[in-house]
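Right, one structure below, let's go through it.
There are 2 protein chains.
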Amino acid sequence: MQLTQFTDLSLRLLIYLARLPEPGLATIAEIADYHQISRNHLVKVANSLANQGFIMSTRGKGGGLQLARPAYAIGLGEVVRRTEQNMNLVECFDIPSNQCRLIRNCFLKATLYEAQRAFMTVLDKYTLADAASLGANTELSSLPVADMPPLT
Amino acid sequence: MQLTQFTDLSLRLLIYLARLPEPGLATIAEIADYHQISRNHLVKVANSLANQGFIMSTRGKGGGLQLARPAYAIGLGEVVRRTEQNMNLVECFDIPSNQCRLIRNCFLKATLYEAQRAFMTVLDKYTLADAASLGANTELSSLPVADMPPLT
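Just so you know, the sequences run in chain order A and B.
So the number in this note's numbering is just where the residue sits in the first sequence, counting from 1, plus 1.
So the number in this note's numbering is just where the residue sits in the second sequence, counting from 1, plus 1.
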């Protein structure tokens, strides 16, 4: 059970931008260097995020990437839905390609749908500002995440 | 966001066995033929399920695979936890291999943990008997899953 590396990098790029002081501009090279990620890989991620309307790109000297909306207006559920290329938990979620013969009388699919909805409902509660720790987030801060280091 | 094919096939095998009349025995060849899955692939899945204590194997004529416990005593959450080889939604879930520099002051991880817990909490409500439609399941039958065909 994993999100794709593409989603992972998309979220890292967005969090990086969300934390910048105004006007919140950064270059691909700067972000790639910070995250030790291939610049080519990050270009693909940035293009996708720009196409989805999460970031915008300014060319020329002093240009770079910046959020297209305030961080508090970017939902984490929205980002994951748009960056995950495959939300089909199992084969039968995709009717055209499904080969499973159990589908006509199997409740597993309904169970997995319900679980996926629960997953996305949690992400829909939070925004990029929450993930970047820029907003008050009492729900998150009360979570018993033992290996979560304190804020620095 | 996908479960592995290994988990998908594990669930299919278990559902197949759960639906058999007593004594609930089936051969690998029979299940592979029904699901049109490679026999070698299914052997690996069956060995894993046997090692995890979900099924048992009887050798010889009249032998085969059968559930090691009643279907109502096999939780779907338990199956997914044991068959998914990687529950690390994103890189930072695995501390030893994490390369993300945001980890020390990032709430994304806590958000994703909460979402994953919500996902597993749903699966923990249901058993193999529910998935195989062998038990009363009013919660599932009330789900608005539009593309779920009626039971045959």
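Backbone N, C-alpha and C define an ideal beta-carbon position, used for all residues, glycine too.
None of the values given here were measured: they were computed from a predicted structure.
- Residue nearest to B/T59 within the set B/A27, B/S39, B/L77 is B/A27 (criterion: CA-CA distance).
- Contact annotation: B/T5 and B/Q86 have beta-carbon atoms nearer than 8 Å.
- A distance below 8 Å separates the beta carbons of B/G76 and B/T128.
- Under the DSSP definition of a beta bridge, B/G65 partners with B/T59.
- Under a 10 Å Cβ-count criterion, B/D131 is classified as buried, with 16 or more other Cβ atoms of the shown protein chains found around its own Cβ.
- Residues of chain A whose Cβ lies closer than 7 Å to the Cβ of B/D95 do not exist; the shortest such Cβ separation is about 10 Å.
- The residues V46, in chain order, have a CB closer than 6 Å to that of B/L10 in the same chain once the five nearest residues on each side in sequence are set aside.
- Leaving aside the five residues that flank A/Y17 on each side, the residues in its chain whose CB is nearer than 8 Å to its CB run, in chain order, A27, I32, Y35, H36.
- At least one CB atom of chain B sits nearer than 8 Å to the CB of A/N87.
- Among the residues of chain B, none has a CB under 9 Å from the CB of A/M57; the nearest is roughly 22 Å distant.
- Of all residues in the stretch 108-122 of chain A, only F108, L109, K110, A111, T112, L113, Y114, E115, A116, Q117, R118, A119, F120, M121, T122 place a beta-carbon less than 9 Å from a beta-carbon of chain B.
- Just so you know, the alpha carbons of A/D95 and B/Y114 end up roughly 26 Å apart.
- For the C-beta of B/Y127, the chain A residues within less than 7 Å are, from N- to C-terminus, T112.
- Non-local C-beta neighbours of A/G25 in its own chain, meaning closer than 7 Å and more than five positions away in sequence, comprise L18, Q67, L68, ordered along the chain.
- Secondary structure of A/G78 (DSSP, three-state): helix.
- Burial check for B/R13: the Cβ neighbour count within 10 Å reaches 16 or more, so the residue is buried.
- In the same chain as A/A74, and ignoring 5 residues on each side of it, the C-beta atoms closer than 8 Å to its own belong to T128, in chain order.
- Residue burial is scored here from C-beta neighbours: A/V91 has at least 16 other C-beta atoms within 10 angstroms and is therefore classed as buried.
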